[in-house]
Amino acid sequence: MEASAYRNHVAILEEELVCALGCTEPIAVALAAALARAALRERPEHLEVACSGNIIKNVKSVTVPNSGGMRGIEAAATLGALGGDPTASLEVLQAVRPEDVERTKDLLEDPGHCIVELAEGVPNLYVRVSAAAGGHTAVACIEERHTNVTELSYDGRPTVAAGITATTAGAPGTDANADSADRGTITLASIWEFAHEFRLGDVDALISHQIGMNQAISSEGLSGRWGANIGSTLLKSRPNDISTKARAAAAAGSDARMSGCPLPVMICCGSGNQGITCSQPVLEYAHDLWADHETLVRAVVLSDLTAVHVKYFIGELSAFCGAVSAGCGAGGGICYLRGGSFAQFEATIVNTLANVGGIVCDGAKPSCAAKICAAVDAAILGCDMALADDNFLAGDGLVGKNAEETIRSMGYVGRVGMHPTDVEILNIMIGKTDLTGA
């Protein structure tokens with residue numbers, strides 16, 4: 153592999169694998185609010201939050217971490233403004249104190265304290281928080297990626313707040329840094345080559361951190377009662393089956409995360425659920441196959457980069473469930489661990505997409521764990537099929553003449569074809585659609 157391509161693959165991993173506390177959409181809201189408060193230099197008397205439909209959809213039903221069980225944009229924004237650490241990026245709510253939670257609950261009783269509106273004609277990922285106090289107004293805006301701060305102003309003028317600017321606010325995950333990696337040039341072939349050739353020391357610490365951090369929240373999801381307890385329910389039926397353990401490990405992490413567990417996760421593709429799904433099923437198979445540490449790291453790298461590649465053609469947020477992209481990654485990593493060839497790795501991705509490519513995203517909430525379970529199950533089946541050389545072929549629905557064409561076909565469906573679906577899902581969720589005659 154050429155040196156520039158090698159560096160690009162490493163850079164993608166470094167930019168994608170970022171630590172986050174809680175679901176990344178309410179965290180983006182909280183981060184914007186904390187930044188606006190820092191720019192204002194005093195506690196806001198009033199907040200106005202403008203969000204894209206996808207942000208509203210993904211924040212509506214998920215528990216805000218460290219909030220005492222609160223949900224919604226108003227809770228995320230108010231808590232971020234009161235107790236968030238604007239320098240902590242996606243761990244902005246790690247610093248929240250009990251008194252901040254109580255004050256947030258009190259302020260939420262005032263319907264005029266935090267006003268939320270739907271922003272039209274903006275990117276799918278868009279949050280703009282305006283904080284006002286003492287006749288002054290500060291604004292923080294995040295677009296495209298969860299830490300890409302495009303505006304930080306005080307009374308309409310760009311500002312520096314406690315050393316924070318619009319280009320450094322989300323460090324290390326800002327788009328100013330993300331632009332150094334080119335996701336559009338990687339392919340399944342380059343990912344496969346990189347996974348076999350990278351120097352372990354270049355990624356070992358990062359991948360080991362991903363595995364360990366995500367294992368902690370997965371274990372919490374299995375031992376505690378979180379969400380709908382998808383992970384523990386799976387294990388009750390077939391506790392010794394490796395495919396069940398793989399699905400349960402990923403689902404349990406989502407169980408805990410979607411229900412407000414305060415443990416951080418390592419995200420991938422802008423999502424903690426996807427970061428967990430990329431790593432934990434692969435870890436379970438590595439344990440079952442007695443794989444050594446280096447083999448495990450190579451398999452997880454393959455999984456992460458495959459998920460990034462599939463997700464690239466869909467976009468950051470859409471009506472296409474991101475668990476499918478991460479499931480493709482996990483299937484690829486499992487195929488590698490089971491001794492699959494490059495052709496069988498490609499077939500695993502195609503078989504997975506042909507199966508669960510139509511799962512819709514109706515926001516972040518406990519049922520995400522069940523969708524993760526379904527995606528990982530499809531990936532394992534896809535791998536089984538590939539290793540038996542029984543695969544879906546070109547012309548089977550959206551399956552293209554090769555794996556790359558299939559990925560692009562599914563990406564187009566998710567990005568363009570499902571856009572009207574995304575609008576209707578949001579309208580139903582916010583009560584704008586009359587279903588009485590449906």
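Going letter by letter, the sequence shown gives residues 153 to 590 in the working numbering.
Yeah, the Cβ is synthetic: ideal placement off N, Cα and C, and Gly gets one too.
| query | result |
| --- | --- |
| In or out: Val-599 buried (at least 16 other Cβ within 10 Å) or exposed? | In the structure as shown, the chain starts at 153 and stops at 590, and residue 599 therefore has no counterpart that could be examined. |
| Among residues of its own chain, excluding the 5 on either side of His-571, which ones have a beta-carbon nearer than 8 Å to its beta-carbon? | Ser-470 and Ala-471 |
| If we ignore side chains and look at the alpha-carbon of each, how far apart do Ala-482 and Gly-509 end up? | 15 Å |
| Around the C-beta of Glu-154, are 16 or more other C-beta atoms found within 10 angstroms, so that it is buried, or is it exposed? | exposed |
| Can the beta-carbon of Cys-413 be found closer than 9 Å to that of Ile-369? | yes |
| If you draw a straight line from the C-alpha of Thr-573 to the C-alpha of Asn-206, how long is it? | 12 Å |
| Counting only runs of 4+ residues fully inside the segment 424-492, write out the alpha helix (DSSP H) ranges in chain order. | 424-440, 445-464 and 474-489 |
| So, is Glu-167 buried or exposed, given that buried needs 16 or more other C-beta atoms within 10 angstroms? | buried |
| With DSSP as the reference, label Val-508 as helix, strand or coil. | helix |
| Here's a check: name, in chain order, each residue in its chain whose Cβ is nearer than 6 Å to the Cβ of Asn-329, leaving out the five neighbours to either side. | Because Asn-329 sits at a pLDDT of 39, beneath the cut-off of 50, its placement in the model cannot be relied upon, and the point is left open. |
| Between the segment 501-515 and the segment 298-308, do three or more beta carbon pairs fall short of 8 Å? | no |
| Whole angstroms are fine: how far does the CA of Gly-373 sit from the CA of Glu-556? | 35 Å |
| Any Cβ of chain C within less than 9 Å of the Cβ of Gly-474? | The question asks about chain C, but that chain is absent: this structure has only one protein chain. |
| Ignoring anything shorter than 4 residues, give me the alpha helix (DSSP H) runs that lie fully in the segment 560-585, in order along the chain. | 571-581 |
| Tell me whether Ser-332 is buried or exposed, calling it buried when 16 or more other Cβ atoms sit within 10 Å of its Cβ. | exposed |
| Could you check if Ile-428 is buried or exposed, using at least 16 other CB atoms within 10 Å of its CB as the buried criterion? | buried |
| Of the choices Pro-250, Pro-238, Glu-436 and Val-312, whose alpha-carbon is the least far from that of Asn-366? | Glu-436 |
| Could you please give the first and the last residue of the uninterrupted alpha helix (DSSP H) stretch that includes Val-211? | 205-211 |
| For Ser-375, name the three-state secondary structure that DSSP assigns. | helix |
| How should Val-312 be labelled, buried or exposed, when 16 other C-beta atoms within 10 angstroms of its C-beta is the threshold for buried? | exposed |
| So, Pro-433 versus Ala-402, is the Cβ gap smaller than 9 Å? | yes |
| Taking contact to mean at least 3 C-beta pairs separated by less than 8 Å, is the segment 249-257 in contact with the segment 278-291? | no |
| Can you give me the C-alpha to C-alpha distance between Val-460 and Ala-531, rounded to a whole angstrom? | 16 Å |
| When you compare each of Ala-526, Asn-160, Asn-300 and Asn-210 to Ala-184 by their alpha carbons, which one comes out closest? | Asn-300 |
| What is the rounded straight-line gap between the Cα of Ala-527 and the Cα of Ala-400? | 12 Å |
| Under 9 Å between the Cβ atoms of Ala-292 and Ala-202? | no |
| Quick one: what does DSSP say Leu-183 is sitting in, helix, strand or coil? | helix |
| In terms of residue numbering, what span does the beta strand (DSSP E) encompassing Ala-401 cover? | No beta strand (DSSP E) holds Ala-401; the alpha helix (DSSP H) holding it covers 394-410. |
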